[in-house]
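Going by my numbering, the first residue of the sequence shown is number 269, and it counts up by one from there.
Even for Gly, the Cβ is constructed at its ideal location relative to N, Cα and C.
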Amino acid sequence: MAEQDDRVERQFGDVRVPMLIAMAGLPGAGKSTIAEVLSARLSATIVSVDPIESAILLAGIDSDQPTGLAAYLVAETLAEQVLMSGHTVIVDAVNAVEPARLQWRDLAARAEVPLRVIEVACSDADLHRDRLEKRVRNLPHVEETSWRAVEQSLEDYQEWKGECAELPRITVDTVNSLGQNVDAAIRFIAP
């Protein structure tokens, strides 16, 4: 009987609970790059808001409509389906405002999975601007983000306060190497 119990424990001992990981940070800070590496290391699915918005615009929805909000809602629906199938999801989005951040908290609660927020910043404005200007995302219908748009986003980027301050969050700075930031993120999300 003990042999059978050991077999059952070995069979189910390495089952992993899916997790919701929400990226946050200004455009061009390095969220997508870190998300891609984390996705490979964790065998997680990335749900990215920008390509979804590009597809919404491609479908003929006018850009004067709330396509950004629609993209966040589509991302939430996709993330929920992936979580319910038992897989970890990384949401790649700016998540600059409280409603967006709390959207992921609420999804994690519904799906009964842990939530981890990885905020990505670049403390060197010249480096951030240089990376942004060299970036090519190949998203039809979504213009590449200008440095002026990043400056405007910074004005709109809300502090992590109230309910958002309570979310489990780490901030990584992309003046550090990609490897250092990914290792810090892995340590943060490890159970």
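- Query: Which word fits Pro367, buried or exposed, when buried means at least 16 other C-beta atoms lie within 10 angstroms of its C-beta?
  - Reply: By the C-beta density criterion, Pro367 is exposed, having fewer than 16 other C-beta atoms within 10 angstroms.
- Chain-order list of residues whose beta-carbon lies under 7 Å from that of Ala236 (same chain, five-residue window excluded): For the chain, the structure presents residues 269 to 459; residue 236 sits outside this window and is missing.
- Task: Give me the Cβ distance between Glu301 and Glu321, rounded to the nearest whole Å; I'm assuming they're in contact under 8 Å.
- Result: Looking at the sequence provided, one finds Thr at residue 301 rather than Glu. Incorrect: roughly 19 Å between the Cβ atoms, too far for contact.
- Message: For Ser311 and Ala361, what's the separation of their Cα atoms in angstroms?
- Response: Straight-line Cα distance between these residues: approximately 19 Å.
- Item | One or two residues paired with Thr313 in a DSSP bridge | Among the bridge pairs identified by DSSP, Thr313 is matched with Val357.
- Message: Less than 9 Å between the C-beta atoms of Ala297 and Ala417, yes or no?
- Response: No, the pair does not count as a contact, with Cβ atoms beyond the cut-off.
- Which residue comes first and which comes last in the beta strand (DSSP E) that contains Ala290? First-last of the beta strand (DSSP E) with Ala290: 288-292.
- Task: List in chain order: all unbroken alpha helix (DSSP H) runs of 4+ residues lying wholly within the region 433-457.
- Result: Counting only runs of 4 or more, we get 446-457.
- Task: Below 8 Å on the Cβ atoms is my guess for Leu370 versus Glu431; work out the distance and round it to an integer in Å.
- Result: Between Leu370 and Glu431 the beta-carbon gap is near 6 Å, inside 8 Å, which marks them as a contact.
- Query: What number of angstroms, rounded off, separates the C-alpha of His355 from the C-alpha of Ile438?
  - Reply: In this structure, the CA atom of His355 is about 22 Å from the CA atom of Ile438.
- Query: Sorted by chain position, which residues of the same chain lie with C-beta nearer than 7 Å to Trp372's C-beta, five sequence neighbours on each side aside?
  - Reply: Excluding positions up to five away in sequence, the list reads Leu288, Ala290, Val359, Leu383.
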